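Its first residue numbered 111, the sequence shown is counted upward by one per residue in this note's numbering. From the three backbone atoms N, C-alpha and C, an ideal C-beta is built for every residue, glycine too. A quick note: this is a predicted structure, and the numbers were derived from the prediction, not measured.
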Amino acid sequence: MNLESLSSEELSYISKSEMAELERLLALTPHNQIDLHQLWQLMDVVWDELGCDNRNLDLHKISNYYRHPVWLLNGLFIENHQTSLDHRQAIVNWIAKYPKISKILDYGGGYGTLDRMISKTLPNLHIEIYEPFPSEYALKKSASFKGIKFVDKVASHYDCLICTDVLEHVSDPISLLSEMIGFVNIGGYLLIANHFFPSIKCHLPCTFHLRYTFDEFANLMGLEKVGDIQNGYINIYHKKHNREIDWIALKEKESQSRKMFKFNSFMYEFIPRCIGKAKQIFRASILKIMG
111 MNLESLSSEE LSYISKSEMA ELERLLALTP HNQIDLHQLW QLMDVVWDEL GCDNRNLDLH
171 KISNYYRHPV WLLNGLFIEN HQTSLDHRQA IVNWIAKYPK ISKILDYGGG YGTLDRMISK
231 TLPNLHIEIY EPFPSEYALK KSASFKGIKF VDKVASHYDC LICTDVLEHV SDPISLLSEM
291 IGFVNIGGYL LIANHFFPSI KCHLPCTFHL RYTFDEFANL MGLEKVGDIQ NGYINIYHKK
351 HNREIDWIAL KEKESQSRKM FKFNSFMYEF IPRCIGKAKQ IFRASILKIM G
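Dropping the structure here:
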């Protein structure tokens with residue numbers, strides 16, 4: 111992906127200061143083009159330049175990070191990355207199978223790529239995008255879609271909530287999940303994609319334990335996992351009823367999840383080291399016998 115692939119109209123949505131920063135970042139890559147891993151590297155460059163720390167969170171610095179044009183670059187990349195587009199098209203196809211879905215919330219919807227794809231296929235749907243840091247590019251590119259609206263707060267209920275690659279960026283994903291469940295009508299669906307891995311520095315380590323236990327928390331909070339899309343890229347949860355959450359029990363479960371994750375992480379590192387050391391001792395013993 112490079113900036114030359116943008117139309118003149120799309121270029122007009124980007125300010126001079128944003129363009130200068132995009133060009134600076136792309137100049138750090140071979141031939142001013144990026145693949146996914148190079149994009150992640152650029153996102154880490156900006157994270158470090160702004161002095162962010164994923165273990166000691168400074169909300170002011172992190173807010174500046176999410177307002178940075180590197181996220182515009184991320185949005186532009188998604189719109190030119192076939193795998194990302196295939197994932198989003200699969201979501202569109204799933205929604206099209208459920209005619210009772212009439213109102214959707216895309217929580218942390220970024221640049222609205224998915225929502226424009228939905229609106230093109232299903233123009234009668236009402237879609238709200240909750241995005242704390244919307245760019246002018248995203249707002250202008252979505253402006254011609256009558257069914258799409260960016261909102262700065264959620265004040266409604268929805269038949270379907272979409273949340274892709276958001277929860278690994280927040281310090282308390284369990285509480286946010288609870289809020290999102292509250293936005294969904296009984297009988298509605300939540301489509302959630304998580305990436306609780308250290309692929310980029312803005313993925314907070316305090317969330318990584320949910321890599322193994324997220325479904326358990328979803329179940330404790332009243333959701334039933336009913337399937338997935340694109341071989342597990344996004345999971346589908348059904349809200350059958352409102353459940354009063356026992357926060358004391360939930361926080362205890364979260365504490366256990368964190369402890370188990372630390373233990374497993376230690377074992378994954380410790381066991382290979384032990385095996386490696388044993389192999390060295392065995393090799394040395396064989397050589398001594400042969401010598």
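Span separating the alpha-carbon of residue i from that of residue j
i, j, result
"Phe243", "Lys363", "32 Å"
"Glu238", "Ile272", "10 Å"
"Leu314", "Leu320", "11 Å"
"Arg226", "Leu195", "12 Å"
"Leu182", "Ser173", "15 Å"
"Asn164", "Val155", "14 Å"
"Ala328", "Gly298", "14 Å"
"Ser281", "Leu287", "12 Å"
"Leu101", "Arg393", "Residue 101 lies beyond the stretch modelled for the chain, which goes from 111 to 401, so this question has no answer here."
"His170", "Tyr247", "23 Å"
"Gly337", "Ile201", "12 Å"
"Glu334", "Ile344", "14 Å"
"Ile358", "Ser285", "13 Å"
"Lys372", "Asn234", "47 Å"
"Ser117", "Ala206", "29 Å"
"Asp269", "Glu120", "32 Å"
"Glu289", "Tyr176", "21 Å"
"Gln390", "Glu379", "17 Å"
"Ser127", "Ser245", "13 Å"
"Thr193", "Asn142", "21 Å"
Helix, strand or coil at residue i [DSSP, three-state]
i, result
"Ile291", "helix"
"Glu354", "coil"
"Leu215", "strand"
"Cys270", "strand"
"Phe376", "helix"
"Tyr176", "helix"
"Ile344", "strand"
"Ile144", "coil"
"Val155", "helix"
"Phe187", "helix"
"Lys251", "helix"
"Lys349", "strand"
"Lys363", "helix"
"Lys256", "coil"
Spatial neighbours of residue i in its chain, beta-carbon cut-off 6 Å, leaving aside the 5 residues before and after
i, result
"Ser367", "His319, Thr323"
"Glu326", "none"
"Arg353", "Gly332"
"His197", "Gln340, Tyr343"
Close beta carbons around residue i, own chain, < 7 Å, minus the five adjacent residues each side
i, result
"Glu278", "Asn304, His305, Phe306, His313, Leu314, Thr317"
Beta-carbon spacing of residue i, residue j below 8 Å
i, j, result
"Leu160", "Leu136", "no"
"Ile258", "Ser229", "yes"
"Asp347", "Ile302", "It should be noted that the sequence gives Tyr, not Asp, for residue 347. Taking 8 Å as the Cβ cut-off, Tyr347 and Ile302 qualify as a contacting pair."
"Glu131", "Pro179", "yes"
"Gly222", "Ser254", "no"
"Ile296", "His351", "yes"
"Val264", "Leu215", "yes"
"Tyr217", "Val261", "no"
Own chain residues within Cβ distance below 8 Å of residue i, not counting five before or after
i, result
"Ser115", "Asn190"
"Arg309", "The identity of residue 309 in the sequence shown is Ser, whereas the question assumes Arg. Cβ neighbours of Ser309 beyond the five flanking positions: Trp150."
"Trp204", "Leu301, Ile339, Ile346"
"Asp168", "Gly161, Cys162"
Below-8 Å beta-carbon distance, residue i vs any chain D residue
i, result
"Ala265", "Here there is only one protein chain, and chain D is not present."
- Which parts of the region 273-337 are runs of the alpha helix (DSSP H), unbroken and 4 residues or longer, counting only runs that do not cross its ends? Within the region 273-337, the complete alpha helix (DSSP H) runs of at least 4 residues are 283-292, 320-330.
- Residue ranges of each alpha helix (DSSP H) run of no fewer than 4 residues wholly in the region 195-245, ordered along the chain? Entirely contained in the region 195-245, the alpha helix (DSSP H) runs reaching 4 residues are, in chain order, 223-231.
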